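**Student:** Residue numbers (my numbering), protein chains in the order written: chain Z, 37 to 317; chain G, 980 to 1388; chain S, 3 to 299.
Don't be surprised by glycine CBs; every beta carbon is placed ideally from N, CA and C.
This structure is a prediction, so every number in the text was calculated from the model and none was measured.
Structure, rendered in structure tokens:
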């Protein structure tokens, strides 16, 4: 009996490994191609050779990136904007999601639907009125302008996700806390928030990525080169039919590092054992 | 954690949203220059600012399409840069949208007399752009290590092409092609359309002229290059063609003046020649020739206008033109420079000039956009074997006429 | 006092988010509604007028190649295929990563890469990989699978398939992360109890995992559908703007073309409104079916 169960687990693990390996290869291969482009001299996007490390590999692009271009300035701007957007997204969504999950109030369903509705309009068409609006309120060419827009882009998803996750946390937990003398807010803050850590991680990652990768709005709103974010800066390597592919690829790889680092750092909360599994029941 | 985030936000808001006062007059140029060109102009502007410390000129790069869209949106909201620098084919559009200013009121005839005719871009009776670069045109580039002498006619092109299209390893895969280029894109097809005696629109630049015998023959010609003579790859977009040529796996490429510097710095031993005459007609295959230059935002303040004119005139001084020509191999527009050795002795520029002379000016009317969009799908259907050249020529014309009506609604 | 507080409390919680959303979204939305009834275009750019429903009429009845309805169908295929694979692959990988196996964190890191790297360059890299002669995909097909090479980018169906593959690659890590978070809300005790009852793996998945994952996945799926429906970037890059022969467009590509290609702003706004209503009707139905606004307990 025990042997059979053990065997079954072994089999399942083997299948899991196989699937993970296959998908890891699929996930990594195109990224390796980007690595290959970044090492290729002569700005060639494509090559007829399939070798990942080209014969004439060079680190020239990386060197140029850090010494010849204001890459670190763009990085600083991007990190700054992304962190503010992340903080805004996490805090506002943690609050609003809780209201949508726990309370019955007039306009609740309308509110939830309105959030979705804001995502339905093709972004292309929002650019012109958004620009006019930012001009009117004097936020053109400011970080605040893009931060507000990014926050509004990220919030609908964040609020819905938080609401969905709160829904899986039994309300009895807070009630117990309130009986112990906590205020409503304290019960939320001390009991619910720690349990919702995985959702907060999802929301944080999503908000971060919204700001980190966005290009169109940033290019339109930020007009001083000193304010440029990474995606806008990267665009300067790209010219109609004469893109500096080496630089572009090298920068792309470096740009993805903070995302991976953030993900690794947050993973602890995403999949720690200290969640519902151990508290519920 | 929360506290940290809060602190970071406060820090962010206080440090970066505060304004630093800069008393200098601020002039912005939006452009779409590639890096080599950009560097030259930046250097020239630095010299300008040195002599005029009260002025700060800033260049902002945007990709061509983005430049046009962003500028239109900004100008619509009464904002945007003082100067927009770009290719002449956007002028008709910007002028129709009323977002750039007529320039003939600011530059007298005397001054304009120093420029090549094509450099003064007129549209509906007004001068809207003063160009500093002539060309932006395609030409035939050949790798001298593979092709010793460039072909003069399409028959020679095919002959040489066949000779250098080889399967060295006998693997059944071609290792080196005679000719590569981004042939699925109409802009890269147009030279041959002209070579067979056709063109995209009539003299008045009002009606498309695509349902012609010339178009049919040219469409068939391209298809034959690939399927009968087999000197071009089955599938080639810009990047594939570029990669093959840079790797030395193609004898010739048809590409624009923007690309030549890259081939030289990639270590290729290249020559530039006009795209060959079409043997059947004896006519040159004529690429579109356009210009790149300066236009002024409709919404500019009067006090900035004088400075902007000064900057444009400074950048258009003959020496500054020559500096760009020397470094990026583009053709200048100041006629004083035409007998300077930088222009007359460089083999690439000499051949570039030969190509310009047999090229045709690119229409600047907005209708051209509708024509590109109409040619592309049907042209590609011909290449896919899903449509005959005759049907495609007819359908291109119909679609273009309809799109122009839609556009001018 | 307490009663009063109880009523106000949810509004206080929502207020900050509501302010941001209304502040940013309200004006552009109204602006577009107005534009959709106007003649704003190349010739009437600064001085446009309200002309009524003409632009809407054009959206449905103006001849175009391919027609509105064909593109609509393609948009549906595009959306359904992408979101389905995103969710299936994402949930599957998340479940494997949730097992007690070694090297989990390495896999997790590698699997998130498609989300982390800028889309622009990988989309073009994929375009290269689909090249007929030199692309690695055809090479694998011919060398290792012994099948004939596929003309990925020259035939409409294959090109469409190629874009969908690319977008699936780009999108699965996002769903994986969400599913991974969602799985944490499921107590081990449920599975242990099911084990005692002798439930099969499939039964456990169907009766425990799916229902408890639902509250977290439904919002992601709903928004995933909305975003994918309007996602123009990947298609534009991989097919080089709709190639071959404009056969790989989705509805929103036409909005882009109309607005920034031909400067038909009124028309583009009307088309946007149509897209908006399609998505609205869809979301209302979907939410009713899945009871997304209701709590799980």
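Per DSSP, what kind of secondary structure is residue 50 of chain S in: helix, strand or coil?
**Tutor:** Coil at residue 50 of chain S, not helix or strand.
**Student:** Determine, using beta carbons only, whether residue 154 of chain S comes closer than 9 Å to chain Z.
**Tutor:** no
**Student:** Does chain S have any CB closer than 9 Å to the CB of residue 1382 of chain G?
**Tutor:** Interface residue, yes.
**Student:** Below 8 Å, is the gap between the Cβ of residue 265 of chain S and the nearest heavy atom of the ligand ATP?
**Tutor:** The ligand ATP is absent from the structure shown, which contains no ligands of any kind.
**Student:** Counting along the chain, where does the beta strand (DSSP E) carrying residue 1249 of chain G start and finish?
**Tutor:** 1249 to 1252
**Student:** Residue 229 of chain Z and residue 130 of chain Z look like a contact to me (Cβ under 8 Å); what is the Cβ gap, rounded to whole Å?
**Tutor:** 7 Å
**Student:** Within the same chain, show all residues whose beta-carbon is closer than 6 Å to that of residue 310 of chain Z, passing over the 5 residues directly before and after it, in chain order.
**Tutor:** With a pLDDT of 48 at residue 310 of chain Z, under the threshold of 50, the modelled position of that residue is not reliable, and the figure given next carries that caveat. Result list for residue 310 of chain Z: empty, nothing under 6 Å.
**Student:** Considering only residues of the same chain and omitting the five flanking positions on each side of residue 1057 of chain G, which have a CB-CB separation below 6 Å?
**Tutor:** 1278.
**Student:** Would you kindly work out how many angstroms separate the C-alpha atoms of residue 37 of chain S and residue 105 of chain S, rounded to a whole number?
**Tutor:** 55 Å
**Student:** On the premise that residue 1172 of chain G lies in contact with residue 1197 of chain G, defined as a C-beta separation below 8 Å, what is that separation, rounded to the nearest angstrom?
**Tutor:** 5 Å
**Student:** Could you tell me the distance, in whole angstroms, from the CA atom of residue 280 of chain Z to the CA atom of residue 251 of chain Z?
**Tutor:** 18 Å
**Student:** Determine, using beta carbons only, whether residue 282 of chain S comes closer than 9 Å to chain Z.
**Tutor:** yes
**Student:** If you compare alpha carbons, which of Z:243, Z:293 and Z:306 is closest to residue 122 of chain Z?
**Tutor:** Check the Cα spacing between residue 122 of chain Z and each of Z:243, Z:293 and Z:306: the tightest is with Z:243.
**Student:** What residue range does the alpha helix (DSSP H) around residue 282 of chain Z cover?
**Tutor:** 281 to 306
**Student:** Rounded to the nearest angstrom, how far is the Cβ of residue 258 of chain Z from that of residue 177 of chain Z, given a contact under 8 Å?
**Tutor:** 6 Å
**Student:** Using the C-alpha atoms, what's the distance from residue 231 of chain Z back to residue 212 of chain Z?
**Tutor:** 15 Å
**Student:** Using a Cβ-Cβ distance cut-off of 9 Å, determine whether residue 255 of chain Z contacts chain G.
**Tutor:** yes
**Student:** Could you tell me the alpha carbon to alpha carbon distance between residue 1035 of chain G and residue 1069 of chain G, rounded to whole angstroms?
**Tutor:** 27 Å
**Student:** Locate the beta strand (DSSP E) running through residue 1048 of chain G, then write down its first and last residues.
**Tutor:** Run containing residue 1048 of chain G: none in the beta strand (DSSP E); it sits in the alpha helix (DSSP H), 1043 to 1055.
**Student:** Residues in its own chain within less than 7 Å of residue 128 of chain S by CB, not counting five upstream and five downstream?
**Tutor:** Close CB contacts of residue 128 of chain S within its chain, under the 7 Å cut and outside five residues either way in sequence, are with 168 and 240 (chain order).
**Student:** Since residue 188 of chain Z and residue 131 of chain S should fall inside the 8 Å C-beta cutoff, what is the C-beta to C-beta distance between them, to a whole number of angstroms?
**Tutor:** Going by Cβ atoms, the distance from residue 188 of chain Z to residue 131 of chain S rounds to 36 Å, so no, they are not a contact pair.
**Student:** Could you tell me whether the Cβ of residue 300 of chain S comes closer than 9 Å to any Cβ of chain Z?
**Tutor:** The shown model of chain S, from 3 to 299, leaves out residue 300 of chain S, and the question about it has no answer.
**Student:** Alpha carbons only, please: which of S:175, S:262, S:245 and S:192 is nearest the one belonging to residue 159 of chain S?
**Tutor:** S:245 is the residue among S:175, S:262, S:245 and S:192 whose C-alpha sits nearest the C-alpha of residue 159 of chain S.
**Student:** For a cutoff of 9 Å on Cβ pairs, would you count residue 121 of chain S as touching chain Z?
**Tutor:** yes
**Student:** Residue 26 of chain S and residue 185 of chain Z look like a contact to me (Cβ under 8 Å); what is the Cβ gap, rounded to whole Å?
**Tutor:** 6 Å
**Student:** Using a Cβ-Cβ cutoff of 7 Å, what residues of the stretch 69 to 85 of chain Z are near chain G? List them in chain order.
**Tutor:** 78, 79, 80, 81, 82, 83 and 84
**Student:** How big is the Cα-Cα spacing for residue 1225 of chain G and residue 95 of chain Z?
**Tutor:** Approximately 19 Å, taken between the alpha carbons.
**Student:** With distance defined between alpha-carbon atoms, name the residue in G:1023, G:1011, G:1127 and G:1029 nearest to residue 1003 of chain G.
**Tutor:** G:1029
**Student:** On the DSSP bridge assignment, give the partners of residue 66 of chain S in chain order.
**Tutor:** DSSP, once it has assigned bridges, lists no residue as partnering residue 66 of chain S.
**Student:** Quick check: what's the CA-CA separation for residue 1239 of chain G versus residue 1233 of chain G?
**Tutor:** 10 Å
**Student:** Could you tell me which chain S residues have their CB closer than 8 Å to the CB of residue 1096 of chain G, listed as they occur along the chain?
**Tutor:** Neighbours of residue 1096 of chain G on chain S: none; closest Cβ ~28 Å, over 8 Å.
**Student:** Cα separation between residue 1363 of chain G and residue 1039 of chain G?
**Tutor:** 40 Å
**Student:** For residue 1063 of chain G and residue 1007 of chain G, I'd like the C-alpha separation in whole angstroms.
**Tutor:** 8 Å
**Student:** Can you grab the Cα-Cα spacing for the pair residue 179 of chain Z / residue 263 of chain Z, in whole Å?
**Tutor:** 8 Å
**Student:** From residue 985 of chain G to residue 275 of chain S, what does the alpha carbon distance come to, in whole angstroms?
**Tutor:** In this predicted model, residue 985 of chain G has a pLDDT of only 49, less than 50, meaning its place in the structure is not dependable enough to derive any value.
**Student:** Are the CB atoms of residue 1265 of chain G and residue 1115 of chain G within a distance shorter than 9 Å?
**Tutor:** By the CB criterion at 9 Å, residue 1115 of chain G and residue 1265 of chain G fall outside the cutoff.
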